[in-house]
Amino acid sequence: MQVPKPRKQPKQERSRLLVESVKQACREVLNTEGANALTTLHLAEVTGISVGSLYQYFPNIESVVAAVYEDLLREYLEERKDAALQKYSDITTIDALRSMIEGSVGFHSRLLRLNFKFHCRYHRCFDLDKAYDEIAGTQQFSLTSLTNALLKENSDISKEEAQRCALLATLCFKAMIMEIMDEQPELLFEERISDELLAMSSAVIPNRVNRG
1 MQVPKPRKQP KQERSRLLVE SVKQACREVL NTEGANALTT LHLAEVTGIS VGSLYQYFPN
61 IESVVAAVYE DLLREYLEER KDAALQKYSD ITTIDALRSM IEGSVGFHSR LLRLNFKFHC
121 RYHRCFDLDK AYDEIAGTQQ FSLTSLTNAL LKENSDISKE EAQRCALLAT LCFKAMIMEI
181 MDEQPELLFE ERISDELLAM SSAVIPNRVN RG
């Protein structure tokens, strides 16, 4: 399933300001009134534009929410980019895995609270790793960070084994989060869910690694 897209991208300053005002109004309504209050008519009223002007750029209300969510994804990762690049350069394997899990759970929980039905439907369209690689200018940042942590903690582990363990661990928690989103997204609101995901995904980490 693809996330709904705008009709067209604004080219002139005036049209860019209009699109930004619509997205900002969408955020405001979601944060203060909730998803049930979000309609194109209400957005037009809050923004102070005509419904026709809104429809020039957005075919429906879901395309507005999608644009807002894509902005939130990039903002979320931009805010954490520098800290993450520094933190993952010197971190234990388990702490790295814990951080990745908590970050992913926190991100999806936030978007669920903002518009539950929308995020349940389109959550697979918002790929944290892919967006982070683009922002940080890296490739497979999570996998590489976990592999490097494993190699630092285990002088007798081969690079191939470290990559294999890192891949299985990351695939494990990412797949479980996606399945939770598909089957019972409310689980992501539970305080213990990150610890449970860590316990399951760290099962593939060699026993000689410190598990904290």
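Residues 1 to 212 in full-length UniProt numbering are what the sequence shown spells out, letter by letter.
Built from N, CA and C at the ideal position, the CB exists for glycine as well.
As the structure is a prediction and not an experimental result, all values here were calculated from the model.
- The closest CA to that of Arg113, considering only Leu198, Val29 and Gln24, is found on Val29.
- By the C-beta density criterion, Arg192 is exposed, having fewer than 16 other C-beta atoms within 10 angstroms.
- When rounded, the separation of the alpha-carbon atoms in Glu20 and Phe107 is 22 Å.
- Judged by DSSP secondary structure, Ser201 falls within the alpha helix (DSSP H) whose first and last residues are Ile193 to Ser201.
- Counting along the chain, the unbroken alpha helix (DSSP H) around Ser21 starts and ends at Glu13 to Thr32.
- Three or more beta-carbon pairs drawn from the region 57-70 and the region 116-123 are found closer than 8 Å, and the two stretches are therefore classed as touching.
- With 16 or more other Cβ atoms from the protein chains shown falling within 10 Å of its own Cβ, Ser202 counts as buried.
- Comparing alpha-carbon positions, the option among Lys130, Val51 and Val3 lying closest to Ser104 turns out to be Lys130.
- Just measuring C-alpha positions, the residue of Pro6, Leu151 and Leu97 sitting nearest Tyr69 is Pro6.
- Unbroken alpha helix (DSSP H) runs of no fewer than 4 residues, entirely contained in the region 114-152, are found at 116-122 and 128-136, following chain order.
- Met178 and Leu151 have their C-alpha atoms spaced approximately 28 Å apart.
- Counting the other Cβ atoms within 10 Å of the Cβ of Phe126 gives 16 or more, which makes it buried.
- Between Leu97 and Ala175, the C-beta gap is not smaller than 8 Å, which leaves the two residues out of contact.
- For Gln56, the secondary structure class from DSSP, reduced to helix, strand or coil, is helix.
- With 16 or more other Cβ atoms inside 10 Å of its own Cβ, Lys23 counts as buried.
- Between the alpha carbons of Ala66 and Val3 lies a gap of roughly 6 Å.
- Going by C-alpha positions, Gln56 is about 56 Å away from Glu153.
- Secondary structure at Met1: coil, using DSSP grouped into helix, strand and coil.
- Scanning the region 151-194 from its first residue to its last, the whole alpha helix (DSSP H) runs of 4-plus residues come out as 159-183.
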